[in-house]
Amino acid sequence: MNDEVFMGVQLQLRDKKYRVKAGITVFKALEQVNIPSESVLATRNGELITEDEVLKEGDIITLVAVISGGSIFPLNG
Amino acid sequence: MKCRKCGEKAVINLRQHRLALCKVHYLEWIPRQVDRFIHKYGMLSQQDRILIAVSGGKDSLALWDILSTLGILADGLYIDLGIDEGVLYSHISRQTIEIFADTRKLHLHIVDVKQEFGQTISQMANKTSRGKGKPCAVCGLVKRHIMNRVAREKGYDVLATGHNLDDEAAVLFGNTLNWELDYLARQGPVLEANHPGLIRKVKPLFRLSERELAAYAILKQIRYIYDECPHAIGSKAITYKEQLNYLEEQRPGAKLNFYLSFLKAKKKGLFNAIDQEQMEKLNTCPNCGQPTTAPGECTFCRMVLS
Numbered sequence: 012m013n014d015e016v017f018m019g020v021q022l023q024l025r026d027k028k029y030r031v032k033a034g035i036t037v038f039k040a041l042e043q044v045n046i047p048s049e050s051v052l053a054t055r056n057g058e059l060i061t062e063d064e065v066l067k068e069g070d071i072i073t074l075v076a077v078i079s080g081g082s083i084f085p086l087n088g
Numbered sequence: 531m532k533c534r535k536c537g538e539k540a541v542i543n544l545r546q547h548r549l550a551l552c553k554v555h556y557l558e559w560i561p562r563q564v565d566r567f568i569h570k571y572g573m574l575s576q577q578d579r580i581l582i583a584v585s586g587g588k589d590s591l592a593l594w595d596i597l598s599t600l601g602i603l604a605d606g607l608y609i610d611l612g613i614d615e616g617v618l619y620s621h622i623s624r625q626t627i628e629i630f631a632d633t634r635k636l637h638l639h640i641v642d643v644k645q646e647f648g649q650t651i652s653q654m655a656n657k658t659s660r661g662k663g664k665p666c667a668v669c670g671l672v673k674r675h676i677m678n679r680v681a682r683e684k685g686y687d688v689l690a691t692g693h694n695l696d697d698e699a700a701v702l703f704g705n706t707l708n709w710e711l712d713y714l715a716r717q718g719p720v721l722e723a724n725h726p727g728l729i730r731k732v733k734p735l736f737r738l739s740e741r742e743l744a745a746y747a748i749l750k751q752i753r754y755i756y757d758e759c760p761h762a763i764g765s766k767a768i769t770y771k772e773q774l775n776y777l778e779e780q781r782p783g784a785k786l787n788f789y790l791s792f793l794k795a796k797k798k799g800l801f802n803a804i805d806q807e808q809m810e811k812l813n814t815c816p817n818c819g820q821p822t823t824a825p826g827e828c829t830f831c832r833m834v835l836s
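Here the protein sequences come in this chain order: A and B. So for the first sequence, this note's numbering puts the first residue at 12; every next one is plus one. So for the second sequence, this note's numbering puts the first residue at 531; every next one is plus one.
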């Protein structure tokens, strides 16, 4: 994505960037880029926002991945 | 969306509970929930000396923070696995925990695997057939051994871990897909010490989702290691968690219902026969004193001390 001519709303998850149209909710935006809302937290300017928040032109939404991994399978005590 | 308690702007919507909360009320709600689960499932008593296994991730640090908030004193145990893989993973996680413990004046035990056994987890994994291509299996084995040993040697009554609902549901999902009856029989939020070589284990966060805990850590400004362990990338556990999250999105509460229904079935005795069989099969490793299913040295001792 070319940041110089950025339009709409930018979603950023780790090193991946997605672009969606303004005027839709966070929930809808996540659905459009195929990210389950349960797997991330959305933040704007460092503040947590809920999924019903309507995104505005120029918004940059940083998505915080919440899944952690490691040695959990199989777990045998 | 408004906070259900005060009407201020909500920072999180918990769809499975139909509950939206602002920062202030969310930071009150989480410790209250944990306190409720600790009592409901009889996890801790006032006399218990508690050790928390901390990794530097959000869950274990949130657990340590929540217990402190509740006035429950607990010491930490960090196992330095020596995982580097070009990203200094263990180095950064160790530093994160040391800062956390120092600033809160909490007591932290550190076991350095390389120092103690002369090899890192990655080196151990490369040497054994068990670990070839799947260091997580070796890592789990080593961590369980060290946790049991340190807890017993230092006189703790209980080991608390930061396993959350997603961890538990993913394990249950994997074990159910493969009908791993032995593992299913042993899974639960409280694992009693049914052998002198084991420490009692509890998981006070098991009913809270990763999303809830990540939100708690962010709002509480807990500095945690965000990136995955390089060995966990592409692991089955992560794949299962992702699949369960797709299901959760369609049916809020699906993960919690899946896990609680399992606990209910277990309570009704679904796995009693297997449990009994496992108990009868337990032997004691002559070297370390921890349980093993086969007579003679346990897998850990055979792998590490050979």
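From the three backbone atoms N, C-alpha and C, an ideal C-beta is built for every residue, glycine too.
Minimum Cβ-Cβ distance from residue i to chain A less than 8 Å
i: ASN837/B; result: Outside the displayed range of chain B (531 to 836) lies residue 837/B, so it cannot be described from this structure.
i: LYS635/B; result: no
i: LYS771/B; result: yes
i: GLU615/B; result: no
i: ILE542/B; result: yes
i: ALA690/B; result: no
i: MET531/B; result: yes
i: GLU538/B; result: no
i: GLU779/B; result: yes
i: ILE768/B; result: yes
Beta carbon proximity, residue i to chain B, threshold 8 Å
i: GLU62/A; result: yes
i: SER82/A; result: Below a pLDDT of 50, predicted positions are generally treated as unreliable, and SER82/A, at 34, falls in that range; no measurement from the model is reported.
i: LEU86/A; result: Low local confidence applies: a pLDDT of 31 at LEU86/A is under 50, so the model's placement there is unreliable, and no value is given.
Between the CA atoms of residue j and residue i - distance to the nearest angstrom
i: THR650/B; j: LYS664/B; result: 14 Å
i: HIS725/B; j: MET809/B; result: 9 Å
i: PRO821/B; j: THR829/B; result: 10 Å
i: ARG674/B; j: ASN787/B; result: 28 Å
i: ARG534/B; j: ILE60/A; result: 16 Å
i: HIS637/B; j: LEU600/B; result: 17 Å
i: GLY57/A; j: LYS657/B; result: 44 Å
i: GLU62/A; j: ALA681/B; result: 42 Å
i: VAL541/B; j: VAL584/B; result: 27 Å
i: PRO47/A; j: LYS797/B; result: 32 Å
i: LEU743/B; j: ARG781/B; result: 20 Å
i: ASN708/B; j: TYR619/B; result: 31 Å
Closest residue to residue i among the options (Cα-Cα distance)
i: VAL720/B; options: TRP709/B, LEU714/B, PRO734/B and VAL584/B; result: PRO734/B
i: LEU728/B; options: LEU636/B, ASP712/B, ARG679/B and LEU800/B; result: ARG679/B
i: ARG730/B; options: LYS532/B, MET573/B and ASP696/B; result: MET573/B
i: GLN717/B; options: ALA699/B, LEU707/B and ARG741/B; result: ALA699/B
i: GLU538/B; options: TYR789/B, ARG545/B, LYS553/B and ALA824/B; result: LYS553/B
i: ARG25/A; options: ALA53/A, GLU68/A, ALA40/A and LYS67/A; result: ALA53/A
i: LEU581/B; options: GLU827/B, PRO782/B, GLU772/B and GLY606/B; result: GLY606/B
i: CYS818/B; options: LEU603/B, HIS621/B, LYS811/B and CYS831/B; result: CYS831/B
i: ASN694/B; options: LYS635/B, VAL564/B and CYS666/B; result: VAL564/B
i: PHE837/B; options: LEU611/B, ARG624/B, THR626/B and PHE792/B; result: Nothing about residue 837/B can be reported from this structure: the residues present for chain B run from 531 to 836 only.
i: ALA33/A; options: LYS67/A, ILE72/A, VAL77/A and THR73/A; result: LYS67/A
Under 9 Å by beta carbon: chain E residues contacting residue i
i: GLU740/B; result: Protein chains A and B are contained in the structure displayed, whereas chain E is not.
Quick one, which residues of the segment 47-77 of chain A are near chain B if we go by CB-CB under 7 Å, in chain order? PRO47, SER48, GLU49, SER50, LEU52, LEU59, THR61, GLU62, ASP63, VAL75 and VAL77
When Cβ atoms are compared, which residues of the segment 804-828 of chain B fall closer than 8 Å to chain A? none
Tell me which residues of the segment 586-608 of chain B have at least one Cβ-Cβ distance to chain A shorter than 9 Å, keeping chain order.
GLY587, LYS588 and ASP589
Relative to chain A, which residues along the segment 744-760 of chain B have a C-beta separation below 9 Å, given in chain order? ALA744, ALA745, ILE748, LEU749, TYR756, ASP757, GLU758 and CYS759
Check: When you check each C-beta in the segment 545-573 of chain B against every C-beta of chain A, which residues fall closer than 7 Å?
Finding: ALA550
Where are the beta strand (DSSP E) runs, 3 residues long or more, that stay fully inside the segment 605-652 of chain B, in chain order? 638-642
task: Within the segment 711-758 of chain B, note down every full alpha helix (DSSP H) run reaching 4 residues or more, in order along the chain.
output: 711-716 and 740-749
I'd like the ranges of any alpha helix (DSSP H) spanning at least 4 consecutive residues and lying wholly in the segment 750-808 of chain B. 766-780 and 784-797
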